[in-house]
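Asker: Pasting a structure here, questions to come.
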Amino acid sequence: MMKHVARLIASAAIVAASSVAAQAEEFRLGLITPPPHIWTKAAEAFGAELSEASGGAHSVSVFPARQLGNEAEMLQQLQTGALDMAFMTVAEVSNRAPELGAFYAPYLADDIGHAGRILRSDTAKSLLEPLPGQVGAVGVGYGMAGLRQIVSRGEVTSADDLAGLKLRITPFTPILDFYNAVGAAPTPMPLPAVYDALANGQVDAIDMDAELIWVLKYYDHADTIVQSDHMMFPMVGLVSAKVWAGLSEEDRAMIGDLMAKHVDSTIDSYVANEAGWLEQIAGTGKTYTKVDASFFGDAIDEWNATWSEKTSSLEALRATAAETQ
Ligand code: BEZ
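Numbering (the numbering used here), first residue to last: 198 to 522.
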C-alpha cells in the first residue's frame, strides 16, 4: 500500500513538473523590419505584455532585421516548428496562399484609413482560416504598413517614364504582375537590401511606403517621389501551427488575443502617422508628385483581369471595400 502511494506521489510529481515545463515557454519571434520600425516595436510590446499576462511564465525574444533569415525562410521555419512566431508581410504569405493576393488589387483602398477598415473586416479574417493547412502557421490577425509609393533616381512625370526601369519590388506575385503590366522591369528584393541597391544604382527606383521612405531616408538617393498610394500592404501575426498544437487552450487564447491586439495596433499607427511622413517627404526639396489610378493607364485593368481569375476572394474583398468606404 505504501509503495503504491509513493508511486502515485512520484507520478503526480512528474505530471506536475512536466505540465509546468509545458506551460512556461520562451518564444522566438522573427521579422524583417529594422529595430525602429513600427512592426518591430509592436512585436516588442506584444512580448512585454505576454510576459506580464502570464506572470512571467512566457517570454518572447524578438529577432528583427532578418536575423533569422528572409521571410521565405522564416515561413519554412514556422512550418517545421523551428521558429515559434513571426510578424510577416501578407505579401510573402500570399506566395503560398494566393487568395491573399486579392488584397493587392490596385486602389482597392481609397486611403490608409480605408485599408485599415478592410483589414478589420470579417471577409479579411476569413482569409486567415486556411493558413494552418496552407503554410503551417496560424494567422491570429492583421496589421499593416503604409500605402505603396514610388521613389525614383530619375525624373518620373508619367508611367511611360517607368518603362524599362529596374524597379525594386517586395518579392511577391501581385506586385510583380502590376509592374510588368506598367512596363517596368520589376526587380524582387527583400527590404533589408533596398537602401544600398538604390544608393549604388543597382536599381533605378523602388516601390516603398512612407514610413520607410522617411525614417530610413530612402529619398536621400532619389530625385523623385511619386505619391501614388497604389496598394495597401497588410501584415499578419503568425504562430507556428506545430507550436500552436502544443499549447494549452488557455495559452492559445492568451497568446492569440495579445498578438492580435498588437498587430492590430500597427493599423492605428499608420493611420495616425502616414500623412505626417508624406508631408515631411514632400518637404525634402525632392520632386514630389501626387497621382491617382489614371497615372497607370491600362495596367490596372490588366491586373484586375489576371487576378479575378487567380482568386475567388477578390470579389468579396471588393464588396467589403465598398461597404467600408
Ligand atoms: C517592403 O518589402 O517594402 C516592406 C516589408 C516590410 C514592411 C514594410 C515594407
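Idealized CB from N, CA, C, for every residue including glycine.
Is it buried or exposed for A312, if we count other Cβ within 10 angstroms and need 16 for buried?
Answerer: Answer is buried; the Cβ neighbour count reaches 16.
Asker: Mark G473 as exposed unless 16 or more other C-beta atoms lie within 10 angstroms of its C-beta, in which case mark it buried.
Answerer: The residue is exposed, with fewer than 16 neighbouring Cβ atoms inside 10 Å.
Asker: Relative to the alpha-carbon of A502, which residue among L455, D374, N397 has its alpha-carbon at the smallest distance?
Answerer: Residue D374 is the option with its Cα nearest to A502.
Asker: Start and end of the alpha helix (DSSP H) containing I235?
Answerer: Its alpha helix (DSSP H) spans residues 235–250.
Asker: Rounding to the nearest angstrom, what Cα-Cα distance links E506 and P295 in this structure?
Answerer: One C-alpha to the other measures close to 11 Å.
Asker: Going by C-alpha distance, which of T367, L305, V440, I366 is nearest A283?
Answerer: Cα-wise, what sits closest to A283 is V440.
Asker: According to DSSP, what are the bridge partners of T284?
Answerer: It should be noted that the sequence gives Phe, not Thr, for residue 284. In the DSSP output, where bridge partners are listed per residue, F284 has G434.
Asker: Please list the terminal residues of the continuous alpha helix (DSSP H) segment that includes S491.
Answerer: Unbroken run through S491: none, as it is neither H nor E.
Asker: Could you work out which residue in A496, W504, I478, D465 is closest to L316 when comparing CA atoms only?
Answerer: For the residues A496, W504, I478, D465, the minimum Cα distance to L316 belongs to D465.
Asker: Identify which residue in R515, L359, A302, E447 has its Cα closest to the Cα of D498.
Answerer: Checking every option, the nearest Cα to that of D498 belongs to A302.
Asker: Taking the continuous alpha helix (DSSP H) assigned at Y416, which residues delimit it?
Answerer: Segment: none, Y416 is in no alpha helix (DSSP H) and carries neither H nor E.
Asker: Taking the straight line between their C-alpha atoms, what separation do you get for T523 and K414?
Answerer: With the chain running from 198 to 522 in the structure shown, residue 523 is simply not present.
Asker: Helix, strand or coil for R317, going by three-state DSSP, please let me know.
Answerer: Three-state DSSP puts R317 in coil, outside helix and strand.
Asker: Could you give the residue range of the beta strand (DSSP E) that holds F224?
Answerer: Per DSSP, F224 belongs to the beta strand (DSSP E) from 223–227.
Asker: Expressed to the nearest angstrom, what Euclidean distance is found between the alpha-carbon atoms of E268 and Q346?
Answerer: Taking the straight line joining both Cα atoms gives about 22 Å.
Asker: Around the Cβ of D426, are there at least 16 other Cβ atoms within 10 angstroms (buried) or fewer (exposed)?
Answerer: Buried.
Asker: To the nearest angstrom, report how far apart I478 and Q399 are at their CA atoms.
Answerer: Those two C-alpha atoms are separated by around 23 Å.
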